[in-house]
Structures are given as structure tokens and as C-alpha cells.
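Under my numbering, the letters of the sequence shown match residues 1 to 113, in that order.
Contents: one structure, followed by commentary.
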Amino acid sequence: MATETSPTLDPQDVAEQLSTRAEHLRAQLAQVTREDDTSHPADVLDLATKRQAAEQSADQATAISARLAEVEAALERIREGTWGACLVCGEPIDPARLEVLPLTTHCREHAST
Ligand SMILES: [Zn+2]
1 MATETSPTLD
11 PQDVAEQLST
21 RAEHLRAQLA
31 QVTREDDTSH
41 PADVLDLATK
51 RQAAEQSADQ
61 ATAISARLAE
71 VEAALERIRE
81 GTWGACLVCG
91 EPIDPARLEV
101 LPLTTHCREH
111 AST
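In C-alpha cells:
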């Protein structure tokens, strides 16, 4: 048994969680973009509904992509060993904070940007 210092978050555990989350987001994204299928235009009303649905799924796709990018950026930081350090002051972010917000890039003090 390794006797490490104070209980810290294991970046590998977080990386696993984030990988799972990234997979889910990719699946969601694939689903949302697949719904953009307009191969069977029926009537005008249906087209309008479809267009609205397409706009909604485009919004969703944008939101999911943004989320996915954040998750992938966090995974990248874990790989590089820079995860958990504040981008402003470089100080280690409180593990309790990281546990709740694994995607955060700022310590509590610099979070309000
Ligand atoms: Zn900071």
C-alpha cells in the first residue's frame, strides 16, 4: 500500500470518468445530427416542423460539441499532467472543487471569469 500524502483525487480515475462522459456526448451528438435527415419532405407544415426541429438539434449539437470539447480539453490536461492547476495563478485547485467540477481550469479565487 502506498502511503501518499493527503487524500487527493486520482487523475486516472477522473480520466476514466471523463472518457465515459466523452463517449456519451459523442453518442448524443451522433443522434442529434442524424435527426437532421430531411430525405422525406411531406407537406409544408411538416417541413416547417422539421426545419424547427433541425434548428433545435443544431443548437443541441453546438451545446454538446462545446461540452465535448471541454471534456476532451480536460482529458488532454490530465495526459499532459497540467490538470488540476489554475490557469491564472498555477496553484493546485482544491481537490474537493475538482471532484465536483473536473472540467474547471481555475481555482476558486479565479473562477469568476
Ligand atoms: Zn488561481
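A virtual CB, placed ideally from N, CA and C, is assigned to each residue, including glycine.
Given the structure is predicted, the values throughout are model-derived calculations rather than measurements.
### Task
For residue 91, verify whether its CB is less than 8 Å away from any heavy atom of ligand 1.
By one-based count along the sequence shown, residue 91 stands at place 91. Indeed, a heavy atom of ligand 1 lies less than 8 Å from the Cβ.
### Task
Please name the residue, chosen from 72, 46, 53, 66, that lies closest to residue 14 on a Cα-to-Cα basis.
Residue mapping note: residue 14 aligns to position 14 of the sequence shown, counting from 1. The shortest Cα separation from residue 14 among 72, 46, 53, 66 belongs to 72.
### Distance cut-off 8 Å: residue 109 Cβ against heavy atoms of ligand 1
Sequence index remark: in the sequence shown, residue 109 carries index 109 (1-based). The answer is yes for residue 109.
### Task
Might you give, ordered along the chain, the residues of its own chain that have their beta carbon closer than 8 Å to the beta carbon of residue 94, omitting 5 neighbours on each side?
By one-based count along the sequence shown, residue 94 stands at place 94. Answer for residue 94: 107, 108, listed in chain order.
### Message
DSSP three-state label for residue 111, please.
### Response
Residue mapping note: residue 111 aligns to position 111 of the sequence shown, counting from 1. Coil at residue 111, not helix or strand.
### Query
Can you tell which of 110, 112, 78 has the C-alpha that lies nearest to the C-alpha of residue 9?
Along the sequence shown, read from residue 1 onward, the residue named residue 9 stands at position 9. Among 110, 112, 78, the Cα nearest to that of residue 9 is on 78.
#### Entry: Stretch-stretch touch, CB-based, cutoff 8 Å, three pairs: the region 64 to 71 with the region 20 to 34
yes
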